[in-house]
Structures are given as structure tokens and as C-alpha cells.
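Everything below concerns the one structure shown next.
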Amino acid sequence: MPTVPSLSRPNSNVRRLGGSEAPLPPGVDPDEVVTLDAFEAAKVAPVSLSYAASSVPVDSQDVGSPTNPSKTNAPGHRSKDAYASVIDQFHVGSNPRYAIRDTSGDGYDDTFCNIFAWDVMSAMGVQLPHWVYADGSPAPAYSYGSGGHEQDANSVNAWLNDQGPQYGWKEITPEQAQQYANQGYPVVASQYVNPIGHIAVVRPGTLTSQGPEIAQAGATNTNDSHAYNFFTPGKVQFFVNTSGGPPSTGPKLPVDSATAQVPHSDLTQGSKGGDVLKLQRALVKLGYLEGADLNPSNPLFGPKTLAAVKRFQTDHGITPAYGNFGPLTRAALLKAIVAREPRATAPAAPLVRGAEGAKVKQLKVALYRLGFLSKAALDAHPDEFGSGTEAALKKFQKAYGLQQSGKYGSGSEAKLKAALTALSESLRAGGSGSGSGAPSAAKIDTLLKGTPMAGQGANLAAFAKQYDVPAELALAMIWHEDQFMTTGIAPLNNNPGNLRFVGQPGAVSGVSGFAKWPTVKQGLEAYFKLLSTTYRRFIDQRDWAGLVHLYAPSSDGNDERAYVDAITSGMSRYRSKIS
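Be aware that the sequence shown starts at 0, since it is given in numbering that gives the first Met the number 0, and climbs by one per residue.
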């Protein structure tokens, strides 16, 4: 068996990542039931963990292989006690499997936060793979020859953001993380940190000012601590896996009826899972696929879906029409779906059960658009205020902090108007279906604070929109090039992309033959112009390997593999920070 390579080492083996207290919102109840939405409950393909080649005891020091724990918990049979029992059997605080040690003989002690998380989630019957193929799909342990490679804590974070939704993972708030864990659903805390990130398991327990309760391996191995003892509040992400879970009771979390129909993840031919089915159903609704082409039990992005996406792209001016489902196609699909949805406005109060007429229909359309009323309930009796409308209104009232009276009064009217205004603004900015959404200049400025690029947030956001280049891609590349112009010659040339001088307008030949601009803004715009033209095809196809091979080839002394990894992980990291 090959020696565990260094990729398994950089998990959390340095430092405590924060520890400042973060106040909790008032009235948080850790045991409150959290409701699954339609994506979580029904649209995720069944999980198979048969990829594991061979397994070892739970205390084996062969950290590259999966374990064979005695206690497992399959989707559909979740409970608080079962989840706690699964976690406890790994006795992470004393298990030699997670003891800090030098496994690769390189002189550095290794830690095993991602191994522990992998072990627990495998026992819970969900995918959080330690080994993956190039497309992010789970791979058998030690599958070097067939193209598999190990993930460290940072690449697991990127996987959760990019591939996770296909396998039932969804990002949630810290409060929801504790709520879900207390219902027995698998939950993890994950933070990307350069160069070494961290991941932990959120366990059943109590939410405190130090965050959700966790178990973790790493620089500190503990079965009972809290997240903010090891993660940075506001930077750590929480993810829950609810695939295969039973329907739960309580209020539905607000999900816009249009954005709920558009996949969040990027998809290509060969993709599988719930987001593929969501894409296919949207294409059926818009007339690009037939209902008979769908296979809900095993959704696959095959030739018919590829052809349908290409036709959609051609019809909506997306060129070249490669058939990949990415940010441009997502935004166009969302716009097309929104155009078919009924316009939503808040009616004047009051309204109560038994009322009929145009105002009732107006209320029901608004509740539908906000995700509190089903399309079937809207269509069945559109202008009647019956028991279904009352129940939907109560869910809305609970979600927005109102008394659950089921009566539409002035307070409900005000909240409904605010919710619909927020929805409208979200859709104008690209909505949840647009991948990263519209980049926020203020949030970008927060990232750039203290660097030579400080204050460029508005310019970067504007150039991203003008040149149709994802802001998170630009940030990931600039960070890899020069850490936001804090290293190398970039600050000497006002050249964040480190572009060579080839006679660009407004530039002169600067230090070491690189282009030099009078201002950072000019250098930044030149960088976006270059990406939007020379690198357009790579961006549209999300072909980061092709982009890097042309932009920073190994013939110039670059590590192309490291650059691609930096783009992949960096985009995931910045996507959640700037939108």
C-alpha cells in the first residue's frame, strides 16, 4: 500500500483559527424544528458509498482508507441519539487514528481533521469524500492509477461549495447548524484558510456564544467543544446534508418560486443528481425538453440535455453555445423563469379566512412567489381564502417574526411588502440562481482592505459586470498572482494581473518588462479586458486548466496544477464573501 502522500497532511495542523465571541440573535431555540425544502427532501439522488475499496478498524492509523464502524445511521432514519452515537464511537479525543504524528516522513507533524469528518459522514451514509476524481466525484482510496487524488481540508471546503449540492449538501446558518444536528442530520463546519484550512463535525448539543457544538480532530482533538474555539466567526461555513431525510414539520424556509427552479451549481455533460433534475424540469417548462426525457430516479446530464441547453443558449444570445450550464446560462434561465411567473404585489389589509376576490388572489400569488404556498394550491382556488391560504400565511408570519394568527393585517402587509421588495432586488442582482450573485463593492473592499488594491471594490464589481467576468475568478487569480498586490512587482507597476507589456493603450514598459499603468484602476481594467477577450472561451466553459495553460504556462516556470487548484478553491471562498 502506498505511503499516504502529503495531500493528507495539510488539514488543521497548525493553529487555532480564531476564538472571539459572537453574540447570538435573541430567541434562538436549538431544538426548533427546521423544515426541509423540496430540493433537500426529494431531488437529491440516493447516496451510494460503494466506492470504498477496502476498510479498516476505526482506530487504524491507515488514514487513507475508510473505516468499518459498528454504528451507522442511514438516510431516512435520522435521530439525535443515533447521530451522537455515530460520532462518539470514533472517540476522537483519544483515538490513535487522529493522533498528531508525521505520517509521510517529511519531518512535519500531521493532523487529521478531514479524516475524522470523512469517517463520521461515511458512517452517516452521506458523501464527504477524502478521495475524488478530477470532476469531483468520489473515488476509491488510493486510486492514483485511475485518476483519483486525496483531498485536504481546503479542497473539501471547495468540494462542499461546488460539488456538495449534487450530493445533498447545503450551506446554512450557525443557528440552523445546531438545529439540524439536534434532529440527527449530518452537519459540518468548514473554513478555507491559506495555506491550511479546517473542518469539524457539528454534533447534537447546545448553541452558545461560542457557536454550535462540535467534535473535531486537528491541532486539538476533542469530542465536545464549540465552533468558535477553533473557527473564525463570519468566515466559517456550515453545511447540512438532508438527502433521504423524512419530511419534517414546521414552517417552510422562504424560497422564491423562481430561483427555486434554477440549479445553483454549475453542470456539464455527465453531471448527475438533484440539480440536473432541476435544470431538466426548467428546460421542460420552457419547452426545450420533453417530460418523457426525465428520469427522476437517476437524473443524468446526457446528450438530450446538452442539446437542449445549447438551443436555450442560442435563443438567449449566449455564445459560443457549448452546452455547459454556468453563470451566464444560469442568469438567462432565471430571467426566463421569472418572466413566466405571476407578478407579485402585497394587497391592502385586512383579509381573513372566507374572503374572496382579487385581493385574495394577490395575497396568494405573493405567498407563492415567496415559497410559502404551492403552485397547485394557487391554481386550485386562486381567489379563495381557505384553510390552505391560512396555513401558508401562518408560515409566513412565523418566518418574519409575526404572531401566527392566520389573519392578514397591517403588520403582515408591511412584512409582505418588504419581503417582495427584497425579492425584486435579489432578482435584479441575479438572484440565488446566478451563482455568485451580483458582487458587492463594499464586501470586496473588506477583502482588499490594507492592500495596494484598497478602495477598488466598486471598480472591480463594475468591471466584472461590464466585461462579463466573474468577480470571484478575478479575485482568486489576483490573490494567487500577488496576494492583492502585496508581493512581487505588481505594486510597482499598478498591474494586479501581472500582464506583460505588449503595447496596451495607456501603459508603458515597467519593471521586468511587465506593463505599467498610471493607476491601479487602469491596470485592473486592462486585466478584465484581457480575460473577457483572449480567455473568453475558457471562462464560458469553466476550463481553468486551459485558461492557466495559456495565462501562466509551466514553460514560464509556473506550477499549472497549483494555479488551477488556487482558482477552484479561491472562487469557492470568495463567492460566499462578495455576494
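Glycine included, C-beta positions come from ideal geometry on N, C-alpha and C.
This structure is a prediction, so every number in the text was calculated from the model and none was measured.
Hey, residue i and residue j: beta-carbon distance below 8 angstroms or not?
i	j	result
V351	K406	yes
S189	V239	no
A133	V85	no
G124	P74	yes
G496	E480	yes
V201	Q182	no
A152	G196	yes
Y321	A307	no
T221	V91	yes
T267	N323	yes
Y82	A157	no
P319	R541	no
L293	Q279	yes
N458	L530	no
On the three-state DSSP scale, how would you describe residue i?
i	result
P173	helix
Y407	strand
N222	strand
V200	strand
T533	coil
D101	coil
G210	strand
E389	helix
A40	In this predicted model, A40 has a pLDDT of only 32, less than 50, meaning its place in the structure is not dependable; the value taken from the coordinates is given anyway. Three-state result, A40: helix.
G83	In the sequence on display, residue 83 carries Ala and not Gly. Helix.
S189	strand
R499	strand
A470	helix
S64	coil
F527	helix
W543	helix
A453	coil
V519	helix
A510	The question names Ala, but residue 510 is Val in the sequence shown. Looking at V510 - three-state DSSP - the assignment turns out to be helix.
Q482	coil
V55	strand
V33	Any answer about V33 is weak, because its pLDDT of 40 lies below 50 and its placement is not dependable; what the coordinates show is given next. Three-state result, V33: coil.
F237	strand
Q215	strand
Our contact map puts residue i next to residue j with C-beta atoms below 8 angstroms; I'd like the distance itself, whole angstroms only.
i	j	result
H225	P203	Contact flag wrong, Cβ pair sits at about 13 angstroms.
R499	G512	6 angstroms
P438	A463	6 angstroms
I336	A281	6 angstroms
V510	N492	6 angstroms
E574	N160	Glu is not the amino acid found at residue 574; the sequence shown has Arg there. Right, the Cβ-Cβ distance comes to about 7 angstroms (below 8 angstroms), so this counts as a contact.
E471	I577	7 angstroms
A343	R310	Not quite, the Cβ-Cβ distance comes to about 29 angstroms (not below 8 angstroms), so this is no contact.
A506	A525	7 angstroms
P451	G408	The Cβ separation is near 54 angstroms, so there is no contact.
P298	G272	6 angstroms
Output the distance between the C-alpha atoms of residue i and residue j, rounded to the nearest integer angstrom.
i	j	result
G290	L276	11 angstroms
A140	E149	8 angstroms
Q236	W543	24 angstroms
G345	T66	Before going on, a small fix: residue 345 reads as Ala here, not Gly. Between A345 and T66, the C-alpha separation is close to 55 angstroms.
W516	A461	19 angstroms
K394	G167	25 angstroms
T248	L377	Per-residue confidence for T248 stands at a pLDDT of 33, beneath the threshold of 50, marking its modelled position as unreliable; no derived number is given.
G589	V57	Lying outside 0 to 578, the shown extent of the chain, residue 589 is not represented and no answer is given.
V192	L392	42 angstroms
T102	A418	53 angstroms
D61	K79	30 angstroms
Y97	A440	42 angstroms
D467	F527	9 angstroms
R77	T532	51 angstroms
A582	S508	Beyond the ends of the chain as shown, which are 0 and 578, falls residue 582; an answer cannot be given.
A453	D444	6 angstroms
A375	K70	42 angstroms
T304	A331	16 angstroms
L366	T172	23 angstroms
E383	K520	57 angstroms
L327	S59	47 angstroms
F371	Q361	14 angstroms
Can a CB atom of chain B be found closer than 8 angstroms to the CB of residue i?
i	result
H225	In the structure shown, chain B does not exist; there is a single protein chain.
Whole alpha helix (DSSP H) elements within the stretch 263 to 328, 4-residue minimum: 273 to 284, 302 to 314
Those runs of the alpha helix (DSSP H) which lie wholly inside the stretch 102 to 149 and span at least 4 residues: 112 to 122
Complete beta strand (DSSP E) runs within the stretch 325 to 380 (minimum length 3 residues, chain order): You should have found no qualifying run.
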